[in-house]
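This report concerns only the one structure given below.
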Amino acid sequence: MRVLLFLSLFLFNLSIIQAQAILEDERYVPETDSLVLKKLDQWQDLKFGLLMHWGPYSQWGVVESWSICPEDYGWCERKKGQHPDNYYEYKKEYEGLKTTFNPVKFDPEKWAHAAQEAGMRYMVFTTKHHDGFSMFDSKYTDYKVTDSACAFSTNPKANITKEVFEAFRDKNLWVGAYFSKPDWHHENYWSPYWPPQDRNVNYDPTLYPEKWEEYVQFTHNQLMELLTDYGDVDIIWLDGGWVKKRDQQNIDENYEEKFLENEAKNGFIKHRVVSQDIRMDELVEKAREKQPGLIVVDRAVYGKNQNYLTPENRVPEKELPYPWESCIISGGGWSYTPDAKYMSGHEGVQMLVDIVAKGGNLLLNIAPSPEGEWQEGAYRLLNDYKDWMAINSEAIYNSQTLAPYKENNICMTQQKNGTTYFFYMANEDETQMPSSITINSHQPIEGATVTLLGSKKPLQWEKLSSGFKVFIPKNLQNKPSSKFVWTIKVSQLKQKLSR
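Under the numbering used here, the first residue of the sequence shown is numbered 23, with each subsequent residue one higher.
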């Protein structure tokens, strides 16, 4: 039985990887709006962003929303509260966390300062997750942080989304609003007349069109609130990809649908496939009337409303032929985890370099505590980014890919003016630079200047039959200008740049 279970899990993971590879290669519809295209180009130059998952669930230190979803997955386990064995009592307790949510140490200015210092250029904040709790002052629900029943509602900073947006804008970071299309609290998504079955709407929208229309209007209204009352918003980051229109043509032509249906038959996918049309085209049109050029990320939904793709908690193996961003957990889980272990500066910096060399952006998740603080591990990690970016950021921002992107332990990028950068990815215990670094895939022009970022003194180099060798003097070997990754700068390559 154990062998069969292992084999089943292996085949499932393999099918997921294969599906992701297919989706990465084929599943993108280019944008046509000139203002959006311009903004997408600017976004691709930003390279490094912050994602924050936060809500009343942080009080329990559980995964955001999913423990109230009646699916048999590990992230849906109920382990907190007085009634974890009774779904309905547990859901009442979970939703009751609203009354005790009181993050009195909430200081978004401190977060924004740390993010800016680390080199982050944009931010995405969870205005509402699947559980339906609004972290903004929505007039369409009382399940929100500003409701009088919420402990934090009397605080001057009670409208958390507004405070976060303003703090990060003041530090010149772009602002993005994470918003969940499914709302498990709303009576027209999970109607109290029927029990919820899985993550989907718990009735058939085609049989109850008026009920579904009310939910569509609720969703549109909340998003328009965010785009009307909260200043300039650069990105709408929509989650809950199962909420989308499905029709026969879509099912026949869409690999994702076939994949889900096949896995459901084999017992791997524990939820139904339900058509849930919230009229995204109409919503996006209204949104861009309010915020021209708005980037829309309808995650995991094939079509023109997914302006960039978002590989989740993983880094693609190669450059992707469209705008993309890896959203990555920095420590613990997406939501607050007590005593979370954060990635090391070595891992974090090298991940950023690897992603940027492949043409992507890194969106790094940090989860605030119930009191409204970041853990020290998050600040230590951002400080490592700060120190590294202070020396090497010119090789990151505004950069473009340079084939073959990576050669052994050396990543590479280029700027439009022809300047190229070669990142030597040091081993975790490697604190001394080697006496020489060899690059086989490129060669500088005669008389090119080669330097190490952080040092103004030119380095000696020699041409090889297929590449070049850079010599590192003793003083730099023993005392590199930065940790984790050392960047060689070349004023001009001999061969024509790839793009």
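A virtual CB, placed ideally from N, CA and C, is assigned to each residue, including glycine.
Opening and closing residue of the beta strand (DSSP E) in which residue i lies
i: valine 199; result: The displayed chain sequence assigns alanine, not valine, to residue 199. Note, alanine 199: beta strand (DSSP E), 196 to 202.
i: tyrosine 427; result: 422 to 429
i: alanine 183; result: Correcting the residue type first, residue 183 is threonine in the shown sequence and not alanine. Note, threonine 183: premise wrong, no beta strand (DSSP E); alpha helix (DSSP H) at 182 to 192.
i: serine 56; result: Careful: serine 56 lies outside any beta strand (DSSP E), inside the alpha helix (DSSP H) at 56 to 68.
i: glutamate 139; result: It is not in any beta strand (DSSP E) - glutamate 139 instead sits in the alpha helix (DSSP H) that spans 130 to 140.
i: glycine 489; result: 489 to 493
i: valine 318; result: 317 to 320
i: glutamate 484; result: 483 to 486
Residue i to residue j span [Cα, whole Å]
i: glutamate 494; j: tryptophan 133; result: According to the sequence provided, residue 494 is isoleucine. The question's glutamate does not apply to it. Taking the straight line from one Cα to the other gives about 38 angstroms.
i: leucine 481; j: leucine 384; result: 31 angstroms
i: tryptophan 356; j: glycine 489; result: 43 angstroms
i: isoleucine 362; j: isoleucine 90; result: A small fix is needed here, since residue 362 is alanine in this sequence, not isoleucine. Rounded to whole angstroms, alanine 362 to isoleucine 90 spans 23 angstroms at the Cα level.
i: glutamate 1; j: leucine 486; result: Beyond the ends of the chain as shown, which are 23 and 521, falls residue 1; an answer cannot be given.
i: glutamine 271; j: histidine 105; result: Model confidence at glutamine 271 stands at a pLDDT of 48, short of 50, so the residue's coordinates are unreliable; what they give is reported in the following sentence. Using only the alpha carbons, I get a separation of about 45 angstroms.
i: leucine 305; j: aspartate 67; result: 27 angstroms
i: tyrosine 401; j: glycine 198; result: 21 angstroms
i: proline 130; j: methionine 246; result: 24 angstroms
i: lysine 326; j: lysine 312; result: 19 angstroms
i: leucine 386; j: aspartate 169; result: 30 angstroms
i: threonine 483; j: lysine 505; result: Looking at the sequence shown, residue 483 is not threonine but tryptophan. So the alpha carbons of these two residues sit roughly 23 angstroms apart.
i: glycine 118; j: glycine 354; result: 24 angstroms
i: serine 175; j: aspartate 256; result: 27 angstroms
i: tyrosine 443; j: isoleucine 432; result: 10 angstroms
i: arginine 221; j: valine 238; result: 17 angstroms
i: glutamate 347; j: arginine 321; result: 11 angstroms
i: cysteine 349; j: threonine 471; result: 36 angstroms
i: valine 126; j: arginine 268; result: 44 angstroms
i: lysine 292; j: glutamate 93; result: 6 angstroms
i: glycine 399; j: valine 492; result: 36 angstroms
i: lysine 193; j: methionine 142; result: 10 angstroms
N- and C-terminal bounds of the alpha helix (DSSP H) containing residue i
i: asparagine 497; result: 496 to 500
i: glutamate 117; result: 109 to 118
i: glycine 246; result: The displayed chain sequence assigns methionine, not glycine, to residue 246. Segment 231 to 251, the alpha helix (DSSP H) holding methionine 246.
i: glutamate 398; result: 398 to 414
i: valine 51; result: No alpha helix (DSSP H) holds valine 51; DSSP gives it neither H nor E.
i: leucine 305; result: 302 to 312
Identity of the residues DSSP links to residue i by a beta bridge
i: tryptophan 508; result: Tyr446
i: serine 348; result: Leu384
i: glycine 367; result: For glycine 367, which the question treats as bridged, DSSP gives no partner whatsoever.
i: methionine 74; result: Phe147
i: aspartate 261; result: Ser202
i: methionine 434; result: Phe444
i: valine 472; result: Val512
i: glutamine 331; result: Checking the sequence shown, residue 331 turns out to be leucine, not glutamine. Looking at the DSSP assignment, leucine 331 forms a beta bridge with Trp346.
i: isoleucine 459; result: Val492
i: lysine 326; result: Looking at the DSSP assignment, lysine 326 forms no beta bridge with any residue, so it has no partner.
Nearest-angstrom Cβ-Cβ length linking residue i and residue j, presumed shorter than 8 angstroms
i: leucine 72; j: isoleucine 388; result: 6 angstroms
i: threonine 149; j: leucine 249; result: Contact doesn't hold; Cβ gap of about 11 angstroms is too wide.
i: glycine 253; j: lysine 61; result: Not confirmed; about 16 angstroms, so no contact.
i: glutamine 298; j: valine 265; result: 4 angstroms
Closer than 8 angstroms: residue i CB and nearest the ligand MN heavy atom
i: asparagine 329; result: The model depicted lacks the ligand MN and carries no ligand whatsoever.
CB contact below 9 angstroms: residue i versus chain E
i: histidine 464; result: Looking at the structure shown, chain E is missing, and only one protein chain is on hand.
(message) So, does the stretch 178 to 194 touch the stretch 217 to 224, judging by three or more C-beta pairs under 8 angstroms?
(response) Taking 8 angstroms as the limit for Cβ pairs, the verdict is that the stretch 217 to 224 does not touch the stretch 178 to 194.
(request) Say whether the stretch 375 to 384 touches the stretch 79 to 89, bearing in mind that this needs 3 or more beta-carbon pairs closer than 8 angstroms, one atom from each stretch. (result) Contact fails: fewer than three Cβ-Cβ distances are below 8 angstroms.
(request) Taking 8 angstroms as the threshold, find out whether the stretch 413 to 426 comes into contact with the stretch 95 to 115 through three or more Cβ pairs. (result) By the Cβ rule, the stretch 413 to 426 does not count as touching the stretch 95 to 115, because fewer than three pairs are nearer than 8 angstroms.
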